[in-house]
Amino acid sequence: MLLPQPIETQSLQHPIFDEKKVNVSLLRLDQIHSGVSGNKFFKLKYNLEEAKKLGKPSILTFGGAYSNHIYATASAAREAGLTSIGIIRGEGLDRKNPTLLHARERGMLLHFVSRVDYRKKNSEEYIDHLRAHFGDFYLIPEGGTNSLAIQGTAEILEEKHREFSHVCTALGTGGTFAGLAKSLNSAQTLLGFSSLKGEFIREEIENLLIGSNIHPKGRLEIFTQFHFGGYAKWTDELIDFIHWFWKAFGVILDPIYTGKMAFGFWELLQTNHFPAGSKILLIHTGGLQGNLGFTQRTGIALPTP
Ligand SMILES: *Cc1c(COP(=O)(O)O)cnc(C)c1O
């Protein structure tokens, strides 16, 4: 159904890697699919299969106006021959918003709700109300994390990645982290960098691991100090880092997830967190569609694909 493009494991070169005696590579999940980028490909894969199996006519999900998940779900549903409904937090369609224009182009029905209604997204009563309104659908929660998503993200690491001692990923809901944790081997450490402010993510991940009966073989580390003010917040330092990374490595990062992860990694590298001899795999979880919308709403230039 969803057909992946080949994913490159790109070796990165920089004098500091030699100085610290580490080896750094980047897993380019951003290249996997033009419309269903990065980790969202893995999170949606089995959910779409399940929706088809259950004979559901459409997918319904939730997201903000610049959401990677909304963009990816619209593309993936179209490719699977399903219709999609996006419950969007916000006033209505801003005609310049590239994320929502793409979603609508892919046939997604956009339904705008107030912040108050949006908060009901996990309530059964509200979902019943949506079913009465839209008819039957397959529900994918905000951010796309459920057990089938974790089954998908457990396939990100392949046999050839067993050689890496450290794997770094961005954290949103933790669904990607949980799947990676499942596939970790005993010699590996998984590092998660939260894009959100707060310690709650530790408990969320604990619950995801318990809920999916995952007992990681390797070590897990979660970092909560690289949020830059919170979800979708940024500082000039983060934006400058993204521009610097683009010049240094020719790789585009986004300011919501991968920029914060790479910044955190760089900080840990400089403070000797990684022992000499470490082989580090950074996961580029995608999300580059958002750069256009970020520039459109802030006026701040970012590299774009
Ligand atoms: C959604 C997203 C994440 C967060 O994934 P979770 O599974 O929710 O933790 C990370 N990076 C990018 C680019 C994303 O779009």
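Numbering (our numbering), first residue to last: 951 to 1255.
Just so it is clear, CB atoms sit at the ideal spot from N, CA and C, and this is done for glycine as well.
Where do the N-terminal and C-terminal ends of the beta strand (DSSP E) with residue i fall, by residue?
i: Arg978; result: 973-978
i: Ile1206; result: Careful: Ile1206 lies outside any beta strand (DSSP E) and carries neither H nor E.
i: Ser1228; result: Run containing Ser1228: none; DSSP gives neither H nor E here.
i: Glu1171; result: 1169-1173
i: Leu1059; result: 1058-1063
i: Leu1252; result: No beta strand (DSSP E) holds Leu1252; DSSP gives it neither H nor E.
i: Leu962; result: 959-962
Here's the rule: buried if 16 or more other CB atoms are within 10 angstroms of the residue's CB, otherwise exposed. What is residue i?
i: Tyr1066; result: Note that residue 1066 is Val in the sequence shown, not Tyr. Exposed, by the Cβ-count rule.
i: Met951; result: exposed
i: Asn1241; result: buried
i: Asn1072; result: exposed
i: Ala1137; result: exposed
i: Ala1198; result: exposed
i: Ala1226; result: exposed
i: Gly1214; result: buried
Should residue i be listed as close to ligand 1, given that the test is whether its C-beta is under 7 Å from any heavy atom?
i: His1223; result: no
i: Leu1232; result: no
i: Asn989; result: yes
i: Ala1053; result: no
i: His1019; result: yes
i: Ala1120; result: yes
i: Lys1071; result: no
i: Thr1023; result: no
How far does the alpha helix (DSSP H) with residue i in it reach, from first residue to last?
i: Glu1055; result: 1048-1055
i: Tyr996; result: 989-1003
i: Gly1179; result: Here Gly1179 belongs to no alpha helix (DSSP H), and DSSP marks it neither H nor E.
i: Thr1221; result: Here Thr1221 belongs to no alpha helix (DSSP H), and DSSP marks it neither H nor E.
i: Thr1023; result: 1018-1029
i: Leu1158; result: 1150-1161
i: Leu1141; result: That residue, Leu1141, is in no alpha helix (DSSP H); its beta strand (DSSP E) goes 1139-1144.
DSSP beta-bridge partners for residue i?
i: Leu1010; result: Ile1035, Leu1089
i: His1234; result: Arg978
Is any non-hydrogen atom of ligand 2 found closer than 7 Å to the C-beta of residue i, if you look at the structure I gave you?
i: Lys1210; result: Annotation note on ligand 2: not contained in the displayed structure, which lists ligand 1 as its ligands.
Give the list of continuous alpha helix (DSSP H) stretches no shorter than 4 residues that lie fully inside the stretch 1078-1130.
1097-1103
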